[in-house]
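Enquirer: Quick one: structure below, then a few questions.
Number of protein chains: 2
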Amino acid sequence: MAKVKKQPRPKAETPKGFRDYFGAEVAQRKAMLDEISEVYQLYGFEALESSAVETVEALGKFLPDVDRPNEGVFAWQEDEDWLALRYDLTAPLARVYAQFRNDLPTPYRRYAMGPVWRNEKPGPGRFRQFYQCDADTVGAPSVAADAEICAMLSDTLERVGIPRGDYIVRVNNRKVLNGVLEVAGLAGADKDTERGIVLRAIDKLDRLGEEGVRALLGAGREDESGDFTKGAGLGDAQAEIVMGFMSAKRDTGAATVARLNELVTGSAIGAAGVQELETIAELMAAQGYNSDRIEIDPSVVRGLGYYTGPVYEAELTFEIKDEKGRPRQFGSVAGGGRYDDLVKRFTGQEVPATGVSIGVDRLLAALHAKGRMDNQTVGPVIVTVMDRDRMAEYQTIVGELRTAGIRAEVYLGNPKNFGNQLKYADKRNAPVAVIEGSDEAARGVLQLKDLVLGAEIAKTASLEEWKGQPAQREVARADLVAEIKKMLA
Amino acid sequence: MAKVKKQPRPKAETPKGFRDYFGAEVAQRKAMLDEISEVYQLYGFEALESSAVETVEALGKFLPDVDRPNEGVFAWQEDEDWLALRYDLTAPLARVYAQFRNDLPTPYRRYAMGPVWRNEKPGPGRFRQFYQCDADTVGAPSVAADAEICAMLSDTLERVGIPRGDYIVRVNNRKVLNGVLEVAGLAGADKDTERGIVLRAIDKLDRLGEEGVRALLGAGREDESGDFTKGAGLGDAQAEIVMGFMSAKRDTGAATVARLNELVTGSAIGAAGVQELETIAELMAAQGYNSDRIEIDPSVVRGLGYYTGPVYEAELTFEIKDEKGRPRQFGSVAGGGRYDDLVKRFTGQEVPATGVSIGVDRLLAALHAKGRMDNQTVGPVIVTVMDRDRMAEYQTIVGELRTAGIRAEVYLGNPKNFGNQLKYADKRNAPVAVIEGSDEAARGVLQLKDLVLGAEIAKTASLEEWKGQPAQREVARADLVAEIKKMLA
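If you read the protein sequences in the order shown, they are chains A and B.
So for the first sequence, numbering that gives the first Met the number 0 puts the first residue at 0; every next one is plus one.
So for the second sequence, numbering that gives the first Met the number 0 puts the first residue at 0; every next one is plus one.
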């Protein structure tokens with residue numbers, strides 16, 4: 000008989016860039032998704048849960064945004080086809096709409112929430128699976144659809160706990176940018192590369208500052224590590240027009256619109272874009288969404304190449320401390336825009352669409368950073384096991400508590416060491432421990448240990464005081480539910 | 000310049016075996032998952048959301064159940080490693096527990112809900128991505144943990160809308176089966192193959208009947224298509240013992256236990272198993288879970304090879320019509336059991352664990368089959384667009400409705416054809432359409448069209464009656480919210 004080779008033990012680890020979420024983390028994200036979906040539904044959006052796996056072909060081999068080829072997908076071959084995990088919720092929506100367009104209402108307002116996967120190099124706080132939460136309107140050419148999504152985004156942020164004043168929804172329009180580029184002499188298919196560089200440069204204004212962007216518009220820029228990024232090669236006059244665009248924001252929407260109109264003079268597409276921004280501004284103002292919530296800001300461009308009209312972004316405006324303790328703005332938590340070509344890939348017909356994606360994990364991080372979210376959840380009431388033979392009675396106790404809506408469980412580890420049972424209760428953040436030995440049972444009573452109060456006393460009281468055990472008291476078995484309800488109140 | 004080859008359009012299709020879920024389907028599943036998680040939490044279980052992607056190594060190359068090698072996973076290579084989509088929620092739990100065992104409480108009660116993926120041949124109603132909803136207790140050796148999960152399963156089914164009497168939770172114990180096999184002379188490592196055949200044969204009792212199982216215990220069985228399945232080769236006396244086991248169920252738990260004790264006479268493992276069943280039965284009875292909810296049933300074996308003690312299964316006992324209109328029992332919707340070796344794969348130390356998996360999609364199908372679930376959800380109030388220039392006013396109307404908690408939207412398609420707007424409202428299952436032309440606006444009124452009543456009238460009334468339009472009436476603009484609230488009440 001051949002000798003069986005002993006297999007090494009598998010490593011108990013997630014793959015690099017993946018992580019698990021426990022207890023409160025799951026509950027908090029769920030609560031946030033529930034709140035977001037309530038707002039989305041109030042606006043008439045319908046849920047869609049598309050399959051996590053798509054053909055690579057449908058996802059657009061591999062990304063619609065060819066400017067970022069590094070943002071790969073997880074893919075594998077099956078017979079002739081390549082399958083892949085979705086990397087966002089927009090590409091699947093385009094596929095779903097193309098596939099079911101005869102059955103779906105038009106316009107089709109849909110929301111989707113769920114994980115997406117990116118085959119990228121993981122880094123600190125940078126995961127390869129994360130949640131997105133999208134709302135899109137497909138088949139509505141009017142910018143009223145874009146305005147609606149901006150209003151909904153504002154409502155959503157307030158609903159999940161970001162108060163007015165702590166966020167701003169900024170709106171811009173790609174057509175205006177295209178108009179400015181046209182005026183700067185960057186129209187035409189042969190200027191594709193330059194336009195791409197300009198777009199990405201503008202998108203980095205926050206990070207690189209004006210000087211850095213100017214360098215990228217011109218010859219190029221060397222970063223701190225010595226890496227050189229090639230610039231768009233614009234002349235000073237051209238660069239001036241682009242820089243003027245980024246700083247075109249004025250105190251009021253009307254003034255910004257007026258300034259943009261000056262900048263795009265002579266460009267038809269630019270003028271159309273400014274007109275759209277004006278319409279959005281009017282709709283927002285009519286509904287009372289003033290500049291404390293939504294404003295026109297020409298510095299917003301959004302990285303993705305597929306946007307064709309309005310683009311929008313929600314930014315949290317409060318400061319947090321970075322990992323080195325320095326204050327910085329929290330930054331963007333949601334963004335989106337109009338993309339009129341994604342469905343066309345499938346059907347050949349242009350289908351107008353606009354939508355937003357909320358980075359739920361970032362939004363949760365923001366609420367944590369502001370101390371608006373409790374990391375600690377209250378655990379269940381723990382019924383300790385003093386006497387292994389009386390397990391049925393302990394189970395009956397938790398049954399009574401659960402019937403009264405109280406979270407409760409029997410300790411199911413080895414009951415021998417009572418200290419371990421209390422340590423377990425502590426680890427679970429249990430508010431109360433129930434103790435019933437055979438002595439108590441014979442007398443028709445129970446001991447209730449108030450673990451919250453107990454922890455408080457342990458912190459502040461002397462050993463003598465602590466020994467008085469004011470946090471533990473005896474109650475009648477019949478009063479169990481009522482007494483625990485009082486303690487939890 | 001080289002001629003650019005025109006790319007063919009991608010097909011707008013999900014990969015084979017995958018599907019999308021729309022509107023009501025998503026909402027109903029979410030509602031069910033919410034209810035299930037509330038019961039799980041009441042029992043003290045904590046949420047865990049592990050990553051969808053695991054190393055193939057951690058999943059157990061490819062499945063822990065080597066008896067079913069066809070149940071493949073979706074996997075791809077990354078550098079040295081193979082990564083794969085999880086095929087259930089149990090293997091990831093074992094990995095998580097092994098990875099974080101020093102930080103997690105012991106026992107660790109966790110629940111998880113989410114999609115799993117199987118690289119299987121798709122078939123009608125058989126998908127390669129589906130939801131599971133699991134609860135497991137890790138680190139509790141006592142069968143009180145198994146009993147708790149059976150009670151929780153019973154509570155869960157009633158909570159989601161399966162009334163008592165329409166389901167039964169059946170409990171058995173692998174040790175009893177092993178004892179019976181020992182008595183039948185099938186102990187020992189050299190009888191592994193035979194034991195596997197016997198186990199699968201018992202699992203098929205429902206489908207093949209007594210005769211079919213007997214054939215599989217003996218020489219083998221030829222099915223209708225002529226395919227031959229090799230049998231376990233048991234003699235008549237041996238087969239009789241196994242068949243006796245399957246029909247050992249008696250009217251009461253106590254009688255079943257007594258019968259099982261007879262069958263395992265002489266087997267230590269068998270006696271231990273019967274003892275465990277007895278303890279479970281006592282715990283259940285003490286908490287009032289009688290045989291109308293939970294019963295001992297020796298015909299339950301559960302297919303998976305990794306179970307080591309109690310196994311349990313929830314079956315819906317009502318009849319539904321199959322695709323050919325024949326009545327049949329709905330069958331199993333949940334199952335699980337004790338598996339003490341899964342964590343050991345990682346750590347070398349045996350960690351007792353027990354848990355259940357609910358097939359959420361099957362449970363939803365059951366509620367649909369019983370007509371206990373409405374497929375149609377009520378859509379939003381639709382504000383029609385009579386006058387494109389008054390979009391801001393229409394948006395203001397929906398804003399008012401939403402502030403009052405009423406789902407509402409403006410029609411954002413091309414408003415030219417009013418009939419299309421009403422068709423859209425119909426497709427959305429909208430209860431009310433709001434109509435405000437410039438004439439109405441000037442008079443400070445609106446038209447409200449009751450689409451539910453309208454559909455009713457259209458079905459039953461003559462054309463003359465219909466033209467009277469009793470389903471449409473004029474209300475003051477100021478009374479909008481109050482009037483619509485009345486119509487929705």
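Glycine included, every Cβ here is placed at the ideal spot set by N, Cα and C.
Comparing the C-beta of B/D340 with each C-beta of chain A, is any distance below 9 Å?
Expert: As a working note, residue 340 of chain B is residue 341 in the second sequence. Not one chain A Cβ lies under 9 Å of B/D340.
Enquirer: Does B/L91 come out as helix, strand or coil in the three-state DSSP assignment?
Expert: Taking the second sequence and counting its residues from 1, one reaches residue 91 of chain B at position 92. Here residue 91 of chain B is Pro; the residue named in the question, Leu, does not match the sequence. In the three-state reduction of the DSSP assignment, B/P91 falls in the helix class, which pools H, G and I.
Enquirer: Check each residue of the region 228-256 of chain A: if its Cβ is closer than 7 Å to any Cβ of chain B, include it; give the result in chain order.
Expert: Under the 7 Å Cβ criterion, the region 228-256 of chain A contributes no residue.
Enquirer: Residues bridged to A/M112 by DSSP?
Expert: Position 113 of the first sequence, counted from the start, is the residue given in the question as residue 112 of chain A. According to DSSP, which records beta bridges pairwise, A/M112 is partnered with A/C132.
Enquirer: Between A/N413 and chain B, is any beta-carbon pair separated by less than 9 Å?
Expert: Taking the first residue of the first sequence as 1, we reach residue 413 of chain A at position 414. By this cut-off, A/N413 is an interface position.
Enquirer: Is A/Q76 helix, strand or coil when you go by DSSP?
Expert: Numbered from 1 along the first sequence, position 77 holds the residue referred to as residue 76 of chain A. Three-state result, A/Q76: strand.
Enquirer: Do the region 161-172 of chain A and the region 294-301 of chain A meet, that is, are 3 or more Cβ pairs less than 8 Å apart?
Expert: Contact holds: three or more Cβ-Cβ distances are below 8 Å.
Enquirer: Using a beta-carbon distance below 9 Å, is B/D80 in contact with chain A?
Expert: As a first step, residue 80 of chain B must be located in the second sequence, where it is residue number 81. So, interface residue.
Enquirer: Residues in the same chain with beta-carbon distance under 6 Å from B/G35, minus the five sequence neighbours each way, listed in chain order, please.
Expert: Counting from 1 along the second sequence, the entry for residue 35 of chain B is found at position 36. For the record, residue 35 of chain B in the displayed sequence is Ile; it is not Gly. If we look at B/I35 and ignore the five residues flanking it on each side, its Cβ neighbours are C132 and T155.
Enquirer: For B/G71, which option in B/L262, B/L47, B/R117 and B/D222 has the closest C-alpha, if you only look at C-alpha atoms?
Expert: Taking the first residue of the second sequence as 1, we reach residue 71 of chain B at position 72. Of the listed residues, the one whose Cα sits closest to B/G71 is B/R117.
Enquirer: Taking the alpha carbon of A/N428 as the reference point, which residue from B/G43, B/A97 and B/A285 has its own alpha carbon closest?
Expert: The residue given as residue 428 of chain A occupies position 429 in the first sequence. Closest option to A/N428, Cα to Cα, is B/G43.
Enquirer: Who are the near neighbours of A/P414 in its chain, counting only those whose CB is closer than 8 Å to its CB and skipping five residues on each side?
Expert: For this step, residue 414 of chain A is matched to residue 415 along the first sequence. If we look at A/P414 and ignore the five residues flanking it on each side, its Cβ neighbours are T383, V384, M385, R387 and Q420.
Enquirer: According to DSSP, what are the bridge partners of A/L445?
Expert: Indexing the first sequence from 1 puts residue 445 of chain A at position 446. Looking at the DSSP assignment, A/L445 forms a beta bridge with A/V474.
Enquirer: For A/Y96, which of helix, strand or coil comes out of DSSP?
Expert: For the purposes of this step, residue 96 of chain A is identified with residue 97 of the first sequence, where counting begins at 1. It is helical.
Enquirer: Hey, is B/I35's beta-carbon within less than 9 Å of any beta-carbon in chain A?
Expert: Within the second sequence, residue 35 of chain B is the residue found at index 36, counting from 1. For B/I35, the answer is no, since every Cβ of chain A falls outside 9 Å of its Cβ.
Enquirer: Compare the C-beta of B/F73 against all C-beta atoms of chain A and say whether one is closer than 9 Å.
Expert: Counting from 1 along the second sequence, the entry for residue 73 of chain B is found at position 74. Taking Cβ atoms only, chain A reaches closer than 9 Å to B/F73, which makes this a yes.
Enquirer: Select from B/T228, B/E223, B/D189 and B/I357 the residue whose C-alpha is nearest the C-alpha of B/A200.
Expert: The count along the second sequence starts at 1 and reaches residue 200 of chain B at position 201. That would be B/T228, whose Cα lies nearest to the Cα of B/A200.
Enquirer: In three-state terms, what does DSSP make of A/L487?
Expert: On the first sequence, residue 487 of chain A is found 488 positions in, with the first residue counted as 1. Three-state result, A/L487: helix.
Enquirer: Give the secondary structure of A/G453 by DSSP, where H, G and I count as helix, E and B as strand, and everything else as coil.
Expert: Sequence index remark: in the first sequence, residue 453 of chain A carries index 454 (1-based). Three-state result, A/G453: helix.
Enquirer: Excluding the five sequence neighbours on either side, which residues of its own chain have a C-beta within less than 6 Å of the C-beta of B/L47, listed in chain order?
Expert: Here residue 47 of chain B is taken as the residue at index 48 of the second sequence, counted from 1. The residues are R109 and A111.
Enquirer: Could you pull the start and end residues of the beta strand (DSSP E) that A/Y311 belongs to?
Expert: Residue 311 of chain A sits at position 312 when you count from the first residue of the first sequence. It spans P309 to K320 - the beta strand (DSSP E) in which A/Y311 sits, taken as one unbroken run.
Enquirer: What does DSSP give as the partner residues of B/F227 in its beta bridges?
Expert: One-based indexing of the second sequence puts residue 227 of chain B at position 228. B/F227 is bridged to B/E221.
Enquirer: Select from the region 259-289 of chain A all residues with a C-beta closer than 7 Å to any C-beta belonging to chain B, and list them in chain order.
Expert: E281, L282, A285 and Q286
Enquirer: Are the CB atoms of A/P106 and B/Y393 within a distance shorter than 9 Å?
Expert: Start at 1 with the first residue of the second sequence, and residue 393 of chain B comes out as number 394. Start at 1 with the first residue of the first sequence, and residue 106 of chain A comes out as number 107. No, the Cβ-Cβ distance between B/Y393 and A/P106 is not below 9 Å.
Enquirer: Can you look up A/V65 in the DSSP assignment and give me helix, strand or coil?
Expert: As a first step, residue 65 of chain A is located in the first sequence; it is residue number 66 there, counting from the start. Only weak support is given to the placement of A/V65: the predicted model assigns it a pLDDT of 45, under 50, and the value that follows is read from those uncertain coordinates. Reduced to three states, the DSSP call for A/V65 is coil.
Enquirer: Answer with buried or exposed for A/A51, where buried requires no fewer than 16 other C-beta atoms within 10 angstroms of its C-beta.
Expert: Here residue 51 of chain A corresponds to residue number 52 of the first sequence, with the count starting at 1. Looking at its Cβ environment, which holds 16 or more other Cβ atoms inside 10 Å, A/A51 is buried.
Enquirer: Along chain B, in chain order, which residues have C-beta atoms closer than 7 Å to that of A/V168?
Expert: Residue mapping note: residue 168 of chain A aligns to position 169 of the first sequence, counting from 1. Here the premise fails: no neighbours, minimum Cβ distance about 16 Å.
Enquirer: Can you pull out the residues from the region 323-355 of chain A whose beta carbon lies closer than 8 Å to at least one beta carbon of chain B?
Expert: Answer set for the region 323-355 of chain A: R344, F345, T346 and G347.
Enquirer: If we cut at 9 Å on Cβ distances, does A/V52 have a partner in chain B?
Expert: Start at 1 with the first residue of the first sequence, and residue 52 of chain A comes out as number 53. Yes, A/V52 counts as interfacial toward chain B.
Enquirer: Would you say A/D154 reaches chain B, if we count a Cβ-Cβ gap shorter than 9 Å as a contact?
Expert: Locating residue 154 of chain A in the first sequence gives position 155, counting from the first residue. Chain B contact via Cβ: present.
Enquirer: Can you tell me whether DSSP reads A/P285 as helix, strand or coil?
Expert: Working through the first sequence from its first residue, we reach residue 285 of chain A at position 286. It is worth fixing the name first, because residue 285 of chain A is Ala in this sequence and not Pro. Looking at A/A285 - three-state DSSP - the assignment turns out to be helix.
Enquirer: Going along the chain, which residues of its own chain have a beta-carbon closer than 7 Å to the beta-carbon of A/L400, five neighbours each way excluded?
Expert: Indexing the first sequence from 1 puts residue 400 of chain A at position 401. So the qualifying residues of the chain are V380, A407, V480 and I483.
Enquirer: Reducing DSSP to helix, strand and coil, say where A/Y490 ends up.
Expert: There is no way to answer for residue 490 of chain A, as the model of chain A reaches only from 0 to 488.
Enquirer: Would the beta-carbon of B/P9 fall within 9 Å of that of A/D80?
Expert: To locate residue 9 of chain B, count along the second sequence from 1; it is residue 10. To locate residue 80 of chain A, count along the first sequence from 1; it is residue 81. No. Outside cutoff.
Enquirer: Say whether chain B places a C-beta atom closer than 9 Å to the C-beta of A/G122.
Expert: In the first sequence, residue 122 of chain A corresponds to position 123, counting from 1. No, no contact with chain B.
Enquirer: Of all Cβ atoms in chain A, is any one closer than 9 Å to the Cβ of B/S141?
Expert: Position 142 of the second sequence, counting from 1, holds the residue named residue 141 of chain B. Yes, because at least one Cβ of chain A sits closer than 9 Å to the Cβ of B/S141.
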